[in-house]
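> First the structure, then my questions, so here it is.
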Amino acid sequence: MSSQQYKTLKGMQDILPPDIFLWQKVEQTARQIFSTYGFQEIRTPVMESTSVFSRSIGESTDIVEKEMYTFTDKGDRSVSLRPEGTASVVRSYVENHLDKLPAPQKFYYAGPMFRYERPQSGRFRQFYQIGVEAFADSSPRMDAEVIAMLERLLSGIGLEGVSFQINSIGCGQCRPGYRDALLSFFSEKKEDLCDDCKRRYDKNPLRILDCKASTCRQQRQGAPRITDHLCEGCRTHFEKLQTLLSLLQISYSLNPEMVRGLDYYTRTTFEVTSQSLGAQNAVAAGGRYDRLVKEFGGPETPAIGFALGMERVIELLKLTALRSAPSPSVFFAVLGDAAGSACLVLAEQLRKQGRWVEVGDAASSLKSQMRRADRMAVRHVFIMGDDELRSGMLKWKNLAGAAQGEVKLSDMELFLAGQS
RNA sequence: GUGGGUGUAGCUCAGUUGGUUAGAGCACCAGGUUGUGGCCCUGGUGGUCGGGGGUUCGAGCCCCCUCACUCACCCCA
96 MSSQQYKTLK GMQDILPPDI FLWQKVEQTA RQIFSTYGFQ EIRTPVMEST SVFSRSIGES
156 TDIVEKEMYT FTDKGDRSVS LRPEGTASVV RSYVENHLDK LPAPQKFYYA GPMFRYERPQ
216 SGRFRQFYQI GVEAFADSSP RMDAEVIAML ERLLSGIGLE GVSFQINSIG CGQCRPGYRD
276 ALLSFFSEKK EDLCDDCKRR YDKNPLRILD CKASTCRQQR QGAPRITDHL CEGCRTHFEK
336 LQTLLSLLQI SYSLNPEMVR GLDYYTRTTF EVTSQSLGAQ NAVAAGGRYD RLVKEFGGPE
396 TPAIGFALGM ERVIELLKLT ALRSAPSPSV FFAVLGDAAG SACLVLAEQL RKQGRWVEVG
456 DAASSLKSQM RRADRMAVRH VFIMGDDELR SGMLKWKNLA GAAQGEVKLS DMELFLAGQS
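Start counting the first sequence at 96; every next residue gets the next number (our numbering).
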């Protein structure tokens, strides 16, 4: 405790067994499901030129203004650890001319992100996201596919009690008009808003819509809705998406007050939340960003993606899923040095077949070795001593039940094959 | 960056109005007669009571400072 000199940095943590098995399960499921939708993995560096993030996420967002791990490298360049995944993927898309691949181009990534924030429940300075990005398809069908894929992932790993919310925040055509409508609506109520919202009024008025303060909740009664201000294109896109989601039998709710923190979003936005998580209740979030590739110097390319917060998903899984750590299939309890050596050889043979095999410590008692095997939840224990070595007959015991018996050394593999 | 809460064994926590070598449960290790786990019994390992200073004859308990963790706000996955 206090005698410990070294510890992880604030907001960073080790991921250890048995938790790690949940992480692996989520990652494996994601890879499997994503592949059925034609998404391929992309790995980008965790560090980029600072401008990659500041230009895409938005110069005046909190992420860029105060939450990035930014420093100057030895070549006097400003570099930053990635605070999210999309900017890097878009940079890579443009840099590697991925638009020349058959359209649409679909990618996923998994890895750590970094934000210098005060940690709290479900929020860390190093956190992991699994994300996907689909380029060069502006159709609401792609929106529906991406959302369906997310839904299948979450149900595939056994998550329950999460809800999908969708919204459209319009495009460069219609959002300015909505923003003006919002500003004029709140202009006379500004003094009654909380201090944070007075600031939001100038900086990001859409944020007033999801303020938690009760006074602001009252003040925004009757505020104009983005969905009533969408241009023709955005409106039909949004309506079509809803039709498709219903067709796919994905349950969702409309949330016209859902806003986005990142500047690059257009049209469709969506979010998956859970009531079991505390204040940071978003499990996954995403949306369409039809102008970002162009802003990065690439061809005009629509795109949509989402990111899922691993720690939050794991937290939810821990609430419901039973934790089953893998366990050895075979344990050799050995008595005497000669038996120990013999079992070392046997263990190698069985491991070649992919079995997890443990060999006990010949220096400790049989009782102690049995206890150890039990605590590891081993399926089969074999006892090897001088007698067995001489006769070539091994004693076996099934720890789950209490069955025991003998088996010829030469029949062991057959025996195990029959048992499992 | 702002506010609240908590810091006693690996984990979860007791610790009476400040008073002798600081406890429990769980976990871990080992025994309970020759080579058999789980249940039970016994024993053992393990703590400078987050750190520093102060008050006192005496501080895990009181005061100050500090650090860490945690929850919430801001913001966000």
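We treat Cβ as the ideally placed atom computed from N, Cα and C, and that holds for glycine. Note that the structure is a prediction, hence the values are computed from the model and not measured.
Which whole-angstrom value is the C-beta distance of Met237 and Ala243, which I expect to be below 8 Å?
Contact flag wrong, Cβ pair sits at about 10 Å.
> What is the DSSP secondary structure of Met96, counted as helix, strand or coil?
Annotation note: pLDDT 44 at Met96 (below 50); position unreliable, no value reported.
> Throw me the rounded Cβ distance for the Arg210 and Ile158 pair, which I believe falls under 8 Å.
7 Å
> Which runs of the beta strand (DSSP E) fall wholly inside the region 179 to 244 and span at least 3 residues, in chain order?
200 to 209, 221 to 230
> What residue does the alpha helix (DSSP H) around Ala428 start on, and which one ends it?
Premise fails: Ala428 lies in the beta strand (DSSP E), 425 to 429, not in any alpha helix (DSSP H).
> Please name the residue or residues paired with Leu342 in a DSSP beta bridge.
The partner list for Leu342 (beta bridge, DSSP) is empty, contrary to what the question assumes.
> Contact defined as beta carbons within less than 8 Å: I believe Phe202 pairs with Val184. What is the distance between those atoms, to the nearest angstrom?
6 Å
> For Trp451, does the three-state DSSP call read helix, strand or coil?
coil
> Less than 9 Å separating the beta-carbons of Ala472 and Ser422?
Yes, the Cβ-Cβ distance between Ala472 and Ser422 is below 9 Å.
> If you drop the 5 nearest sequence neighbours on each side, which residues of the same chain put their C-beta closer than 8 Å to that of Phe116?
Counting only Cβ-Cβ distances below 8 Å, and skipping sequence neighbours, we find Arg418, Ser419, Ala420, Pro421.
> Short check: CB of Arg218 to CB of Gln375, under 9 Å?
A contact, by the Cβ cut-off of 9 Å.
> Only counting the same chain, and skipping five residues up and downstream in sequence, which positions put a Cβ closer than 7 Å to that of Gly431?
Apart from sequence neighbours up to five positions away, the residues of its chain that approach Gly431 with a beta-carbon distance below 7 Å are Ala457, Gly480, Asp481, ordered along the chain.
> Should Thr368 go down as buried or exposed, given a rule of 16 or more other Cβ atoms within 10 Å for buried?
buried
> Closest by CA to Glu136, which one among Gln221, Gly226, Pro178, Tyr164?
Gly226
> How big is the Cα-Cα spacing for Leu521 and Arg270?
An answer regarding residue 521 cannot be provided, because it is not within the stretch 96 to 515 covered by the chain.
> Tell me, which residues are paired with Ile478 by DSSP?
Ala428, Lys490
> If we count the other Cβ atoms within 10 Å of its Cβ and call it buried at 16 or more, is His192 buried or exposed?
exposed
> Can you tell me whether Ala433 is helix, strand or coil according to DSSP?
helix
> Buried or exposed: where does Gln314 fall if 16 or more other Cβ atoms within 10 Å of its Cβ makes it buried?
buried
> Using C-beta distances below 6 Å, list every residue in its chain close to Met96, excluding the 5 sequence neighbours before and after it, in chain order.
The pLDDT assigned to Met96 is 44, lower than 50, so where the model puts this residue is not dependable; a value taken from the coordinates is nonetheless given after this. Hits under 6 Å: none found.
> Identify the continuous alpha helix (DSSP H) that holds Lys503 and give its terminal residues.
Premise fails: Lys503 lies in the beta strand (DSSP E), 499 to 503, not in any alpha helix (DSSP H).
> Within the region 126 to 180, note down every full alpha helix (DSSP H) run reaching 4 residues or more, in order along the chain.
145 to 152, 157 to 161
> Who are Arg386's beta bridge partners in DSSP?
According to DSSP, Arg386 bridges with nothing at all.
> Just to confirm, is the Cβ distance from Arg362 to Ser263 under 9 Å?
yes
> Which partner residues of Gln464 appear in the DSSP bridge assignment?
Looking at the DSSP assignment, Gln464 forms no beta bridge with any residue, so it has no partner.
> For the alpha helix (DSSP H) containing Leu403, name the first residue and the last one.
Looking at the DSSP string, Leu403 is not in any alpha helix (DSSP H); the run it does join, the beta strand (DSSP E), is 398 to 404.
> I need the straight-line Cα distance from Asn493 to Gln499, nearest angstrom please.
6 Å
> Say whether the region 249 to 264 touches the region 350 to 366, bearing in mind that this needs 3 or more beta-carbon pairs closer than 8 Å, one atom from each stretch.
yes
> Buried or exposed: Ala231, going by 16 or more other Cβ atoms within 10 Å of its Cβ?
buried
> Around the Cβ of Leu111, are there at least 16 other Cβ atoms within 10 angstroms (buried) or fewer (exposed)?
It is exposed - the Cβ of Leu111 has fewer than 16 other Cβ atoms within 10 Å.
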